[in-house]
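The next block holds one structure in the form of structure tokens; read it before the comments.
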Amino acid sequence: MKKPRAIITREDIAKRVDELADQIRRDYRGKNPLLIGVLKGSFVFLSDLVRAMNIPAEIDFVRLASYGAGTESSGKIKLVKDIETPIKDRHVLIVEDIVDRGLTVRFLLDYLSFRKPASLKLCTLFDKPSRRKVEVPIDYRGFTIPDAFVVGYGLDCNEQYRYLPDLCVLEE
Ligand code: IMP
Ligand code: MG
């Protein structure tokens, strides 16, 4: 049985989310931004972020999945659920839980930029740069974390642990 151990506490996450929200509020005030959450992992972060931002904003979601040989290195991403909002000439902010290899976000940036938004930026709460396969520009970053598999605050391991309020690693 694996046991979760907190590496970033709910208090530290809350403080950092507030800081990110302050920055985003300054940059997007009056722009009615569209926040696009990447399901499922980002649902906790997005809900805290949008309330901390406290400016008019719209919300939509995409869901992406890797497919192919089932190995990590297959690196093929497909869209499982598309956004429902037209984004042409909108200020779009992608809200991700974690950028790991960068493949998911790279796919999404390419996919969304094709629809000609007024601006397109990326906000991720966690960044694991040591595993990056493709470069992605991160405009708002919560925490840089070491190369470990993390769960909690929306992030899962086989759909478990999303409910944990702290960011945790799993230990034997
Ligand atoms: P990437 O394409 O490798 O950057 O994958 C990013 C996606 O993989 C994230 O949106 C997460 O859903 C998932 N992921 C990557 N690392 C972790 C982790 O440590 N815990 C949970 N999910 C992760
Ligand atoms: Mg994700």
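The sequence shown lines up with residues -15 to 156 when you count with our numbering. Backbone N, C-alpha and C fix where the C-beta goes; we use that ideal spot for every residue, glycine too. Since this is a predicted model, take the numbers as computed values, not measurements.
Would you say the segment -13 to -1 touches the segment 10 to 17, given that touching needs at least three Cβ pairs under 8 Å? no
If you measure from the CB of F133, is any heavy atom of the ligand IMP nearer than 8 Å? Counting from one through the sequence shown, the residue named residue 133 turns up at place 149. Yes; taking the cut-off as 8 Å, the Cβ of F133 has a heavy atom of the ligand IMP nearer than that.
Taking V120 and V64 to be in contact with their CB atoms under 8 Å, please state how far apart those CB atoms are, rounded to whole angstroms. The count along the sequence shown starts at 1 and reaches residue 120 at position 136. The count along the sequence shown starts at 1 and reaches residue 64 at position 80. Contact doesn't hold; Cβ gap of about 20 Å is too wide.
Neighbourhood of L139 by C-beta distance below 7 Å, restricted to the same chain and skipping five residues each side: The residue given as residue 139 occupies position 155 in the sequence shown. Correct list, in chain order: G25, D81, I82 and R146.
Is it right to say K112 is buried, meaning 16 or more other beta carbons lie within 10 angstroms of its own, or is it exposed? By 1-based counting over the sequence shown, the position of residue 112 is 128. Buried.
Of the choices L23, F29, G86 and P17, whose alpha-carbon is the least far from that of G126? Counting from 1 along the sequence shown, the entry for residue 126 is found at position 142. Answer by Cα proximity: F29.
Should R74 be labelled buried (16 or more other beta-carbon atoms within 10 Å of its own) or exposed? For the purposes of this step, residue 74 is taken as residue 90 along the sequence shown, with counting starting at 1. By the 10 Å Cβ count, R74 comes out buried.
What do you reckon, are the CB atoms on L23 and L77 nearer than 9 Å? Here residue 23 is taken as the residue at index 39 of the sequence shown, counted from 1. Here residue 77 is taken as the residue at index 93 of the sequence shown, counted from 1. Contact flag unset, no.
Find the nearest neighbour of R47 within the set L4, G136 and E68, judged by alpha-carbon distance. Here residue 47 is taken as the residue at index 63 of the sequence shown, counted from 1. Selected option, being the one with the closest Cα: E68.
Measure the CB-CB distance between A49 and I39 and report whether it falls below 9 Å. The sequence position of residue 49 within the sequence shown is 65, counting from 1. The sequence position of residue 39 within the sequence shown is 55, counting from 1. Not in contact: A49 and I39 (Cβ atoms no closer than 9 Å).
Cβ-Cβ separation, L93 to L168 (assumed contact under 8 Å), whole Å: Within the shown structure, residues of the chain are numbered from -15 to 156, placing residue 168 beyond reach of any answer.
Skipping 5 residues on each side, what residues in its chain have a beta carbon closer than 6 Å to that of T128? Residue mapping note: residue 128 aligns to position 144 of the sequence shown, counting from 1. Taken in chain order, the residues that qualify are D111.
Specify the secondary structure class of K100 as computed by DSSP and reduced to three states. On the sequence shown, residue 100 is found 116 positions in, with the first residue counted as 1. Coil.
Closer than 8 Å to a non-hydrogen atom of the ligand IMP - does that hold for the CB of D123? Within the sequence shown, residue 123 is the residue found at index 139, counting from 1. The answer is no for D123.
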